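A.B. asks: This is the structure I want to talk about, given as structure tokens.
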Amino acid sequence: MKPGLRSGQVAEAAGVNQQTLRYYERRGLVAEPDRTLGGHRLYPPETVTILRVIKTAQRLGFTLDEVADLLDVSVHRHGRRPEAGLQARAQAKLIEVEQKIADLSVIRDTLREAVAAGCDDLVACAESSCCPLPFVELAKGADRVEG
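Here the sequence shown stands for residues 40 to 186, where the numbers follow the numbering used here.
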């Protein structure tokens with residue numbers, strides 16, 4: 040039997056818990072390991088790298104499904120289209136993140152205006168046309184839906 044690392048060793052080295060390791064194994068992100076005669080899992084050392092890659096990709100905003108696709112592409116590169124790889128997916132994720140940042144900037148600016156305006160009563164703000172919070176526009180949209 041080839042030398043390998045037990046679950047606890049892999050999890051500790053990768054900075055995850057054993058339940059995460061098993062979950063990734065069930066999802067197919069990590070290959071099912073060999074087992075000892077006693078039934079203990081023995082993972083190849085590269086499993087640590089794969090786990091670190093998964094966690095880093097998640098921190099960059101990729102979902103587990105997206106990570107699974109990226110891992111699949113990297114394992115089965117031959118004959119793949121260039122748009123299926125990391126470069127294209129990272130570009131798409133960057134566009135998505137930039138849109139979220141733009142949306143969050145609008146939210147931040149609106150909340151700053153509300154704080155500066157002294158908004159303190161949600162109902163009073165909703166009825167005031169000078170409130171920086173978009174209640175008036177939302178109410179108009181609701182009127183169109185209801186009426």
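Ideal Cβ placement from N, Cα and C applies to all residues, glycine included. This structure is a prediction, so every number in the text was calculated from the model and none was measured.
In angstroms, rounded to a whole number, what distance separates the CA positions of Glu-135 and Leu-150?
C.D. replies: Here residue 135 corresponds to residue number 96 of the sequence shown, with the count starting at 1. Here residue 150 corresponds to residue number 111 of the sequence shown, with the count starting at 1. Using only the alpha carbons, I get a separation of about 23 Å.
A.B. asks: Compute the beta-carbon to beta-carbon distance between Arg-91 and Leu-109, rounded to the nearest angstrom, for a pair I have assumed lies under 8 Å.
C.D. replies: Indexing the sequence shown from 1 puts residue 91 at position 52. Indexing the sequence shown from 1 puts residue 109 at position 70. No, Arg-91 and Leu-109 are not in contact; Cβ-Cβ is about 14 Å, not under 8 Å.
A.B. asks: On a Cα-Cα basis, can you pick out the residue from Gln-97, Gly-157, Arg-74, Cys-164 that is closest to Leu-68?
C.D. replies: Here the question's residue 68 lines up with position 29 in the sequence shown. Looking at the Cα atoms, Gln-97 is the closest of the given residues.
A.B. asks: I'd like to confirm the pairing. Which residues does DSSP put opposite Arg-80 in its beta bridges?
C.D. replies: Position 41 of the sequence shown, counting from 1, holds the residue named residue 80. Bridge partners of Arg-80: Arg-74.
A.B. asks: Anyone know if the C-beta pair for Leu-81 and Arg-45 falls short of 8 Å?
C.D. replies: If you number the sequence shown from 1, residue 81 lands on position 42. If you number the sequence shown from 1, residue 45 lands on position 6. In contact: Leu-81 and Arg-45 (Cβ atoms closer than 8 Å).
A.B. asks: What do you reckon, are the CB atoms on Leu-53 and Val-106 nearer than 8 Å?
C.D. replies: As a position in the sequence shown, residue 53 is number 14, starting the count at 1. As a position in the sequence shown, residue 106 is number 67, starting the count at 1. Just to set this straight, residue 53 is Ala in the shown sequence, not Leu. No. Outside cutoff.
A.B. asks: Taking the beta carbon of Ile-146 as the centre, do at least 16 other beta carbons fall within 10 Å, making it buried, or is it exposed?
C.D. replies: What you label residue 146 is simply residue 107 of the sequence shown in a count that begins at 1. Classification for Ile-146: exposed.
A.B. asks: List, from N- to C-terminal side, the beta strand (DSSP E) runs of 3 residues or more that fit wholly inside the region 121-153.
C.D. replies: Entirely contained in the region 121-153, not one beta strand (DSSP E) run reaches 3 residues.
A.B. asks: Quick one: give me the first and last residue of the alpha helix (DSSP H) that Cys-164 is part of.
C.D. replies: Within the sequence shown, numbered from 1, the residue matching residue 164 stands at position 125. It spans 161-166 - the alpha helix (DSSP H) in which Cys-164 sits, taken as one unbroken run.
A.B. asks: Between the C-alpha atoms of Cys-164 and Asp-142, what's the straight-line distance to the nearest angstrom?
C.D. replies: Residue numbering aside, residue 164 sits at position 125 when the sequence shown is read from its first letter. Residue numbering aside, residue 142 sits at position 103 when the sequence shown is read from its first letter. Their backbone Cα atoms lie some 22 Å apart in a straight line.
A.B. asks: Starting from the Cα of Gly-43, find the closest Cα among Thr-75, Ser-113, Pro-171 and give me that residue.
C.D. replies: Here residue 43 refers to the residue found at position 4 when the sequence shown is read from its first residue. With distances taken between Cα atoms, Gly-43 lies closest to Thr-75.
A.B. asks: DSSP puts Leu-44 in a beta bridge; with which residues?
C.D. replies: One-based indexing of the sequence shown puts residue 44 at position 5. Per DSSP, Tyr-82.
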